[in-house]
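**Q**
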Amino acid sequence: MNARHTRAAAVDAIQRELTAFARRARGRAAELHPELSLVAYSILDLVLERGGCQATDLAEQFLLDKSTVSRQVGALEKLGYLEREVDPGNRRNHILHATAAGRVVAKEAERRRREAFTARFADWTDADVEAMASYLIRYNRGD
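Take the sequence shown: its position 114, counted from the start at 1, is 114 in full-length UniProt numbering, and no numbers get skipped.
(1) Is it true that the CB of A106 sits closer than 8 Å to the CB of A98?
(2) Could you check if G102 is buried or exposed, using at least 16 other CB atoms within 10 Å of its CB as the buried criterion?
(3) Given a cut-off of 8 Å, decide if A116 and R28 are closer than it, judged by their beta-carbon atoms.
(4) Count the other C-beta atoms from every protein chain shown that fall within 10 angstroms of the C-beta of Q72, then say buried if there are 16 or more, exposed otherwise.
(5) Would you mind stating whether A25 and L36 have Cβ atoms separated by less than 8 Å?
(6) Closest by CA to Q54, which one among S67, L44 and N93?
(7) Excluding the five sequence neighbours on either side, which residues of its own chain have a C-beta within less than 6 Å of the C-beta of V69, listed in chain order?
(8) Under the rule that 16 or more other beta-carbon atoms within 10 Å means buried, what is Y41, buried or exposed?
(9) Taking the beta strand (DSSP E) that L79 falls in, what are its first and last residues?
(10) Find out if the Cβ-Cβ distance for the pair I95, G142 is shorter than 8 Å.
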């Protein structure tokens with residue numbers, strides 16, 4: 001097998017495995033909280049990470065259309081996990097913030113995700129886990 005064919009096969013395997021990973025992540029989101037999708041969890045996590053942000057920031061970050069973000073934000077507000085605040089810099093805009101309940105549900109979801117990942121990597125060496133982390137960081141940065 002030549003190097004070109006081997007690389008193409010490896011790229012195909014990566015694509016297949018990342019797709020399987022995404023499907024598993026969507027399924028796990030339902031286990032963590034039946035009312036929240038993976039997108040909703042991701043939105044809540046980003047709002048927490050940034051200490052608040054606008055819905056347009058979420059759409060840009062996740063490459064989603066505004067209507068999708070609006071539905072997800074609405075669901076999170078209805079559950080009491082997000083709230084809107086008028087942006088003091090531009091009163092026509094709103095800043096989304098996690099509520100106390102949103103912080104609690106996000107913290108619990110993070111704990112469960114960490115447990116699941118820790119279990120998944122239990123028989124991996126530290127070097128393998130560190131390599132996987134560095135490859136994913138590099139991939140997501142686009143290097």
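Using N, Cα and C, we set each Cβ at its ideal position, and we do this for glycine too. Note that the structure is a prediction, hence the values are computed from the model and not measured.
**A** Reading it off the structure:
(1) By 1-based counting over the sequence shown, the position of residue 98 is 98. By 1-based counting over the sequence shown, the position of residue 106 is 106. A contact, by the Cβ cut-off of 8 Å.
(2) As a position in the sequence shown, residue 102 is number 102, starting the count at 1. Result: buried.
(3) The sequence position of residue 28 within the sequence shown is 28, counting from 1. The sequence position of residue 116 within the sequence shown is 116, counting from 1. In this structure, A116 lies closer than 8 Å to R28 by Cβ.
(4) If you number the sequence shown from 1, residue 72 lands on position 72. That one is buried.
(5) The residue given as residue 25 occupies position 25 in the sequence shown. The residue given as residue 36 occupies position 36 in the sequence shown. No, these two residues do not count as a Cβ contact at 8 Å.
(6) Here the question's residue 54 lines up with position 54 in the sequence shown. With distances taken between Cα atoms, Q54 lies closest to N93.
(7) Residue 69 sits at position 69 when you count from the first residue of the sequence shown. So the list reads A55, L58 and A59, once near-sequence residues are dropped.
(8) Against the sequence shown, residue 41 aligns to sequence position 41. By the 10 Å Cβ count, Y41 comes out buried.
(9) For the purposes of this step, residue 79 is taken as the residue at position 79 of the sequence shown. Counting along the chain, L79 falls outside any beta strand (DSSP E), and DSSP gives it neither H nor E.
(10) Numbered from its first residue, the sequence shown carries residue 95 at position 95. Numbered from its first residue, the sequence shown carries residue 142 at position 142. Not in contact: I95 and G142 (Cβ atoms no closer than 8 Å).
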